[in-house]
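Undergrad:
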Amino acid sequence: LGLSQTDLSNLYRTMAVAVMKGGEIGKKARQLHEVMKAAGHDVAGFFGTSSPADFGNAMLSLNDDEYSRRETAMEGVKVIFNPDSLSNLATRAAKNMQDTALWGRIYEDFIKTGADKKDGADSV
């Protein structure tokens with residue numbers, strides 16, 4: 002796929018919205034996903050896995066020299082998301098934002114994080 006990862010991620014966000022909307026546009030988004038998936042290469046066959054968690058754990062286990070060369074090793078590898086999964090995540094996030102009971106806690110967490118930063122502490 003000749004797209005940058007940024008462009009590909011933006012496309013998949015758009016596709017997720019289309020899937021959420023449903024109807025003909027949702028159907029076309031799923032079809033586009035299948036076409037893009039078919040145009041890709043078998044990452045699992047080459048690397049032995051296609052799990053993002055496996056790739057993340059592998060990156061964490063690299064020493065500094067290996068980590069500095071990660072771009073060369075992963076050159077051309079792009080993440081293709083499942084638009085249905087993205088839609089489900091977006092739906093859950095939207096429901097959480099509608100739960101105004103959480104807003105106070107989110108605000109308090111934000112204020113505490115801001116105060117910690119003023120004190121020079123790192124926030125998690």
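Residue numbers (the numbering used here): 2 to 125.
All residues carry an ideal CB built from backbone N, CA and C; glycine is no exception.
All of these numbers come straight from a predicted model, not from anything done at the bench.
1. Taking 9 Å as the CB-CB limit, is Y108 close to chain C?
2. For T101, does the three-state DSSP call read helix, strand or coil?
3. If you compare alpha carbons, which of R14, D8 and Q6 is closest to N83?
4. Which runs of the alpha helix (DSSP H) at least 4 residues long sit entirely within the stretch 27-109? Give them in chain order.
5. Which same chain residues, not among the five before or five after G27, have their C-beta less than 7 Å away from its C-beta?
6. Alpha carbon to alpha carbon, how far is T101 from D85?
TA: A quick look at the data gives this:
1. Given the protein chain composition of this structure (a single chain), no chain C is represented.
2. helix
3. Relative to N83, the option among R14, D8 and Q6 whose CA is nearest is R14.
4. List check, alpha helix (DSSP H) in window: 44-48, 53-61, 65-69, 71-74 and 84-99.
5. A19 and V20
6. One C-alpha to the other measures close to 26 Å.
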